[in-house]
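Asker: Every number in our numbering is 154 more than the matching position in the sequence shown, counting from 1. For glycine and all other residues, C-beta sits at the position ideal for the given N, C-alpha and C.
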Amino acid sequence: MIDIMIPFWGEPHYLYETVQAVLCQTSRHWHLTVVDDCYPDPQVQEYFKDLAHPQVTYVRNEKNLGITGNYARCIELASADLVMLLGCDDVLLPDYVARVLADHRHFPQADIIQPGVQVIDSSGTVSGSLADTVKRLTMPRTRSPRLLSGEDLAASLLRADWLYWPSLTFRREVLTRTPFRPGFPIIQDLALVIDVVVAGGCLLLDPYTCFAYRRHEESASSTALFDGRRFSGERAYFALAADLVRRNGWSRAARAARWHTTSRAHALALLPTALRRRDTDSARMLASHALAR
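Written as structure tokens, this is what we have:
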């Protein structure tokens, strides 16, 4: 059984598409819980009232908890052994649940399962971006499910975060003992995974594609690119991560965190756009992040 938790704040029509994709799973071993973080549209609540599906629960928070707070609320409400924190605009392909449950049966020691992912745009068309190309090139190569752990995994992720957070399934006990780090709302996903790896956890990388990740400019992480939030948060986190992995004696991982080369390259790639916009503050911030020693 998988508890599929959706921390909701966003466009309702994407949410409804996400819910329908869950309902179309070939395996029935799931329960869906949507945790509405006080989104100001009463039609969302009406949608779930009309849906009245026995495997779907709708919860509305009493007050807005924010990104990290609502993720924590989802984990608190989960009860199954396996939990995923599904994005409210992403799409499970029909055999996602069946595939992840099979992975769990064959690799019960895996704390995190990363299945294969295809990227879609705002209209649902399969697409891609520079960021997705980088993820594909930096992700460890494998033709079959492969367990990853230790310094090799930490160094790989700190060099380039090739994970697709909403597609991950976790063992619930791992999430309950690994709280989100406060102060890192944009990079909280990588921070949690690194904490799991540093504590001795392992990740199963399965190349089989069963998830569609929606990439569009309205996401929290992309809107933060030109106002400085993302890169300032990344700099602070990588400094913390370097210290964390150093305590484990992982010198290669510490070096990867200090240099965070892919993050720097990302900032450098955005610099021409900032210059075309004549956004001098953003251009200065991006250049500083890319070239900082």
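Output needed for P248: all residues of its chain with C-beta closer than 7 Å, excluding positions within five of it in sequence on either side, in chain order.
Answerer: Result list for P248: C178, Q179 and T180, in chain order.
Asker: Who pairs with Q342 in a beta bridge, going by DSSP?
Answerer: Per DSSP, none; premise fails for Q342.
Asker: State whether the region 285-300 contacts the region 386-406, with contact taken as three or more CB pairs (one from each stretch) at a distance under 8 Å.
Answerer: The region 285-300, when compared against the region 386-406, does not touch it at the 8 Å Cβ threshold.
Asker: With DSSP as the reference, please indicate the residues paired to F324 in a beta bridge.
Answerer: F324 is bridged to V237 and I266.
Asker: Which term fits C242, buried or exposed, when burial requires 16 or more other beta carbons within 10 angstroms of its beta carbon?
Answerer: Classification of C242: buried, given that the 10 Å Cβ count is 16 or more.
Asker: Just to confirm my understanding: we take L458, look at its own chain, exclude 5 residues before and 5 after, and list those with CB closer than 7 Å. What are they?
Answerer: A question about residue 458 goes unanswered here, because the residues of the chain that appear run from 155 up to 447.
Asker: Counting Cβ pairs closer than 8 Å, one from the region 311-323 and one from the region 216-230, do we hit at least three?
Answerer: These segments do not touch.
Asker: Quick one: complete alpha helix (DSSP H) runs, 4+ long, within the region 177-220?
Answerer: Whole alpha helix (DSSP H) segments, 4+ residues: 196-205.
Asker: Helix, strand or coil for C228, going by three-state DSSP, please let me know.
Answerer: C228 falls in the helix class under three-state DSSP.
Asker: Tell me, please, which residues DSSP counts as bridged to P161.
Answerer: Paired residue(s): V189.
Asker: At the level of alpha carbons, what is the spacing between I156 and L246?
Answerer: Approximately 13 Å between the Cα atoms of the pair.
Asker: Give me whichever residues DSSP pairs with A366 in a beta bridge.
Answerer: Beta-bridge pairing links A366 to V245 and Q272.
Asker: From the DSSP output, in three-state form, read off P361 for me.
Answerer: If DSSP states are grouped into helix, strand and coil, P361 belongs with the strands.
Asker: Would Y362 and G304 be called neighbours here (beta carbons separated by less than 8 Å)?
Answerer: Cβ distance not < 8 Å, so Y362 and G304 don't count as in contact.
Asker: On the DSSP bridge assignment, give the partners of V280 in chain order.
Answerer: Partner(s): I274.
Asker: Quick check on DSSP: helix, strand or coil for S298?
Answerer: In this structure, S298 counts as coil in the three-state DSSP scheme.
Asker: Classify V280 as buried or exposed, calling it buried when 16 or more other Cβ atoms lie within 10 Å of its own Cβ.
Answerer: It counts as exposed.
Asker: Going by beta-carbon coordinates alone, are P161 and N224 separated by less than 8 Å?
Answerer: Going by C-beta atoms, P161 is nearer than 8 Å to N224.
Asker: Below 7 Å CB to CB, which residues in the same chain sit around A407 once its five sequence neighbours on both sides are set aside?
Answerer: Cβ neighbours of A407 beyond the five flanking positions: E305, A308, A309, L312 and V399.
Asker: V189 and V213 look like a contact to me (Cβ under 8 Å); what is the Cβ gap, rounded to whole Å?
Answerer: Between V213 and V189 the Cβ distance is about 5 Å, and since that is below 8 Å, they are a contact.
Asker: So which of G164, Q209, W413 and D204 has the shortest CA-CA distance to A314?
Answerer: Per the Cα distances, W413.
Asker: If you drop the 5 nearest sequence neighbours on each side, which residues of the same chain put their C-beta closer than 7 Å to that of E171?
Answerer: If we look at E171 and ignore the five residues flanking it on each side, its Cβ neighbours are V245.
Asker: Can you find the residues in the same chain that come closer than 6 Å, C-beta to C-beta, to A252, ignoring five residues on each side of it along the sequence?
Answerer: So the list reads T180 and S181, once near-sequence residues are dropped.
Asker: Are L186 and V176 touching if we call contact CB-CB under 8 Å?
Answerer: Yes, Cβ-Cβ distance for L186 and V176 is below 8 Å.
Asker: Name the DSSP bridge partner or partners of L156?
Answerer: It is Ile, not Leu, that sits at residue 156 in the sequence shown. In DSSP, I156 forms a bridge with W184 and L236.
Asker: Going by the beta-carbon positions, is the gap between Y250 and F365 smaller than 8 Å?
Answerer: Their beta carbons are under 8 Å apart, which means Y250 touches F365 by this criterion.
Asker: Look up S405 in the DSSP assignment and give the residues it is bridged to.
Answerer: In DSSP, S405 forms no bridge with anything.
Asker: Between L205, S298, L329 and M293, which has its C-alpha nearest L236's C-alpha?
Answerer: That would be L329, whose Cα lies nearest to the Cα of L236.
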